[in-house]
Structures are given as C-alpha cells and as structure tokens.
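Novice: Following this message is one structure expressed as structure tokens.
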Amino acid sequence: MRRVLFVTALLVAVTSPVAAQSRAPSRPKLPPQTDTCDAWVYYQYGIAQLSRDPEDAAAAFYWAERLSPNTALAYYGERIALLMADPFILRHYVEGERSALQSKDVRRIDSLQMRAMALDPFFPQRLDEELIVAYYNNRVRDNLRQQGEMSVSDPEIDAYVRTELKDVRGYLRAWLTTARGNYRDAADLWGIEARNDRKNTELRAEWAEALFLANEKDSARVVLDSALTAARRSDAQKMKYVYNSKAVWEYELGQIHELQGHDSLARDAYQTALVEDLSYHPAHTRLAYVALRARDTTTAVTELERAVVIRDNDYSARLLLGTLHASRHAYDSAAAQLQRAIEIEPWVAGPHLVLGDVRRDAGDRDGAVAEYRRFLALAALNDADQATARQRLTALGAQAP
3 MRRVLFVTAL LVAVTSPVAA QSRAPSRPKL PPQTDTCDAW VYYQYGIAQL SRDPEDAAAA
63 FYWAERLSPN TALAYYGERI ALLMADPFIL RHYVEGERSA LQSKDVRRID SLQMRAMALD
123 PFFPQRLDEE LIVAYYNNRV RDNLRQQGEM SVSDPEIDAY VRTELKDVRG YLRAWLTTAR
183 GNYRDAADLW GIEARNDRKN TELRAEWAEA LFLANEKDSA RVVLDSALTA ARRSDAQKMK
243 YVYNSKAVWE YELGQIHELQ GHDSLARDAY QTALVEDLSY HPAHTRLAYV ALRARDTTTA
303 VTELERAVVI RDNDYSARLL LGTLHASRHA YDSAAAQLQR AIEIEPWVAG PHLVLGDVRR
363 DAGDRDGAVA EYRRFLALAA LNDADQATAR QRLTALGAQA P
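Adding 2 to a residue's 1-based position in the sequence shown gives its number in this note's numbering.
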C-alpha cells in the first residue's frame, strides 16, 4: 500500500527527459573522519541532501542499502530521491499516468518499494511529505515560467507550497498526516476516505496501515481483511502499482498475525499470498521464520530453498539458509549459501563472520582467519561484533588487521 496522489492538472506537461540513475552510483563524498563502512551515516547524509540534491541523496541511500541490505528505509529513501530527481517522472508518477507507471524506469523505482515492503510492510514513510512538496514545487515553477515570471526564487516557491499544504483536505490531507507521523489522526482521515469511496479497496488498505502505525493492530487486521474480501469480490479489481496487490496485502496480514503471536493464522496468510502470486518469495521467508519459532528447522530450510529458487539474488534468504545449515553442521551447504550471499552483497560484513565460524568448525583454520579479517575490514567501527571477530582470531593464534 503506497500512496499515490491524483490531482487535477493545473499546468501543461513537463517536458524534461527521463533520467534514470545508474544502479551503481559513485559513493557520495562524506565529511572527513566519517566511517564509510557505516550504513546509517549514508542514510543520514541522504536525508540531509534530499531536498537540495536528490541525485546525491539517491546515491547515498543506494550505498546504505549495499552496507545494510535489510534496512527498509534505505530502499524507500532511494525510491523517493529518484522520483524527486526527475520532474517528468515525478509528475506522471504522482498523477498515475499509465504509460509512466509501466515504463522501465518507474518499474525499477517501484522495485525498491517492493524490497522495502518485503523487509517491513509497515515501515514509517516520513519522506512522503518531501515528495509531495517537490511535486507541487515543480508544478508552480513550471507555471510561472510559462507566464514569463522568472523573479520568484525556489525558496519562495517552496515556502508558498508548504503554506498552501497546511489547508488541504481529503485524500491529500490523509497522506500528509500519515507522512508527518500523526497516525491516529491519519487513521480517522483514511477511514473517512474509505467510507466515501467503498469500491476503492486501496483506501481501506491505507486505513489499515495507519491503524497499525497507531498501534491499533486488531482494528488494522479487521480493515485489511475487509479490503481483501472486497478485492476478491471484484474480478475487475486492478491495482495501479505492483506493491498494491492481494499477495502483498495477505503478506501484511500475516505480519500482523505474527506480531500478535498468532503463528497459525500468519502461516495461513503467507500461504494465501503464495496462492495469489506463486512468485512472491518474501512469503516463503516469513514461513521459514514461523517454522523456526515452532523449532521446525526442516520446514524452515525448505521454505528458504523455495525463496532462493524464485529469486536467486535474495541476500536475506541466502544468509539465513546458510546460518541454518551451519547450525545443523552441514558445513559445505552452509558455505555455499554464505558465499552466494557475499557475491550478492560484497560490501556487507556480517556473512564473513558467519562463514568464518563455518570454516573454523569445519577445521579450515586459514579460511576462518581470512573471513574474520575480511569481516573486520568491512564492519562499521561501532559494530558490536568487532570484538567477537578479534577474540576468534586470537583463539586461532592469528592477529587482527
């Protein structure tokens, strides 16, 4: 469930070219003495740069992902930054223009949102307000240029837009209230929108999310379930975005059940998500976690193996699968999965520590030493496992770098 603003066009179409950012941007230049192995540093830098230089912010969020692939906020941040970096994409995306939504560039941007939601379907999306402001800033700026008015500065436009947004109503007010973190008020506003347009199941899903973030999980579950029921009744139901699908909503429902300790219901929801979409690999990963809580390692391994068959470059599933193999003393299988995880995300320190333990336990001292040293080379200075890696090197009679 991700908000999309539908507005009445006030200006002519933006004509700037689509500018898709490379998937491997250069690392932003951080201030001196900054720990360049710390994902949080890149994330904070991205936040600081977002309104000033969204392309630089996108690069920062990208490197936050590479250093910490399980951080939903980094993928979300990159999506917001990439949308803000191109007025053409931003306008047509926000207005729901079909050809834009189906374009290669937008699908790539949306894949970041899918990744974020797979990691945490209810993460707070506090950057949405900056997206809305950027959209309206572009519209106002373009309108002024058409009128030949060039004397109004960007800060003046920004101040005007932010002032105007204080008095909005309807869908946009609900969206902004959610972005500002006022979840209780946002839930009431989404509830009004959903009741006014009962055929729009996406509004119910937004309502459910706001209720969840307001810590009203029972109500969130009821509303989300009603959205699913309504969507199933309508064969004509068409989701405008790939992350607004019944499979994703079932996945979210499963997450709510998990958090409430209802693992059997969570299992049912994840299995239903797979019925809706056999390719929805995150459901297999969550089924693995449900199985692990039941101490059913065999089922957990099976579910993770299914996940990596669907998506070979699923870092999280590979890492967990390797760890589970190691716990069962299947060292060759563990090493294979961990090495694949490292191939997928070569800048992440964590897998090297686990692989070091696998090498050590399998009797490969030199291999273990190499992995522990590689871990230390990649780990952030504040990584609590630094001490663990050093202790293990000492125990093997080796020195830390």
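Think of the CB as a built atom: it goes at the ideal place given N, C-alpha and C, for glycine as much as any other residue.
This structure is a prediction, so every number in the text was calculated from the model and none was measured.
Would you mind stating whether Q339 and L355 have Cβ atoms separated by less than 8 Å?
Specialist: For Q339 and L355, no; Cβs fall outside 8 Å.
Novice: With respect to the alpha helix (DSSP H) encompassing R297, which residues constitute its N-terminal and C-terminal limits?
Specialist: Careful: R297 lies outside any alpha helix (DSSP H) and carries neither H nor E.
Novice: Below 8 Å, can you find three or more Cβ-Cβ pairs linking the stretch 41 to 58 to the stretch 92 to 100?
Specialist: With a cut-off of 8 Å, the stretch 92 to 100 and the stretch 41 to 58 do not count as touching, because too few Cβ pairs lie within range.
Novice: Here's the rule I'm using: 16 or more other beta-carbon atoms within 10 Å means buried, otherwise exposed. How should T287 be labelled?
Specialist: When all chains shown are included, T287 counts as buried.
Novice: Note down, in chain order, each residue of its chain lying with its Cβ closer than 8 Å to the Cβ of Q388, except the 5 sequence neighbours on either side.
Specialist: Contacts found: L378 and A381.
Novice: Do you know whose CA, among E254, G263, H327 and I258, lies nearest A120's CA?
Specialist: Of the listed residues, the one whose Cα sits closest to A120 is E254.
Novice: Quick check: the stretch 145 to 162 against the stretch 201 to 221, are there 3 or more CB pairs under 8 Å?
Specialist: Short answer: they don't touch.
Novice: How many whole angstroms separate the CB atoms of E80 and T73, which I take to be in contact at a CB cut-off of 8 Å?
Specialist: That belief does not hold up - the Cβ atoms of E80 and T73 are roughly 11 Å apart, past 8 Å.
Novice: Going residue by residue through the stretch 79 to 146, where are the continuous alpha helix (DSSP H) segments of at least 4 residues, counting only ones entirely within it?
Specialist: As far as the stretch 79 to 146 is concerned, its whole alpha helix (DSSP H) runs of at least 4 residues are 89 to 96, 100 to 103 and 106 to 121.
Novice: According to the Cβ coordinates, are A229 and E252 closer than 8 Å?
Specialist: Contact flag unset, no.
Novice: Buried or exposed: where does Q115 fall if 16 or more other Cβ atoms within 10 Å of its Cβ makes it buried?
Specialist: Under this definition Q115 is a buried residue.
Novice: Going by the beta-carbon positions, is the gap between E422 and A249 smaller than 8 Å?
Specialist: Limits of the chain in this structure are 3 at one end and 403 at the other, which puts residue 422 out of reach.
Novice: Distance check for N145 and V170, CA to CA, integer angstroms please.
Specialist: Whole-angstrom Cα-Cα distance: 20 Å.
Novice: Evaluate the contact criterion for the stretch 130 to 146 versus the stretch 302 to 311: three or more CB pairs, one atom per stretch, below 8 Å.
Specialist: Output reads no: the stretch 302 to 311 does not touch the stretch 130 to 146.
Novice: In three-state terms, what does DSSP make of H264?
Specialist: H264 falls in the coil class under three-state DSSP.
Novice: Does the Cβ of R197 have 16 or more other Cβ atoms within 10 Å, making it buried, or fewer, making it exposed?
Specialist: So R197 counts as exposed.
Novice: In the DSSP assignment, find the alpha helix (DSSP H) that holds H327 and state where it starts and stops.
Specialist: H327 -> alpha helix (DSSP H) spans Y317 to S329.
Novice: Compare the C-alpha of R313 against each of A293, I194 and A285 and name the closest.
Specialist: Nearest of A293, I194 and A285 to R313, Cα basis: A285.
Novice: With a CB to CB cut of under 6 Å and the five nearest residues on each side skipped, what residues in its chain are close to R376?
Specialist: Once the five neighbours on either side are set aside, the close Cβ partners of R376 are H354.
Novice: L32 to T38, Cα distance in whole Å?
Specialist: C-alpha separation (whole angstroms): 8 Å.
Novice: With 16 as the cutoff for other CB atoms within 10 Å, does G256 come out buried or exposed?
Specialist: By the neighbour-count rule (16 or more Cβ atoms within 10 Å), G256 is buried.
Novice: What distance in whole Å lies between the Cβ atoms of Y173 and V142, which are believed to be in contact at a cut-off of 8 Å?
Specialist: Between Y173 and V142 the Cβ distance is about 20 Å, and since that is not below 8 Å, they are no contact.
Novice: Among D368, A351, D366 and G365, which has the Cα closest to the Cα of T390?
Specialist: Residue A351 is the option with its Cα nearest to T390.
Novice: Could you tell me which of L289, S247, Y282 and L280 sits nearest to H264, measuring between CA atoms?
Specialist: Among L289, S247, Y282 and L280, the Cα nearest to that of H264 belongs to L289.
Novice: Quick one: residues in its chain with C-beta nearer than 7 Å to the C-beta of T325, no 5 flanking neighbours on either side, listed in chain order?
Specialist: Counting only Cβ-Cβ distances below 7 Å, and skipping sequence neighbours, we find V356.
Novice: Among Y137, A370, E208 and T165, whose alpha-carbon lies nearest the alpha-carbon of Y185?
Specialist: Taking only the C-alpha atoms, the option nearest Y185 is E208.
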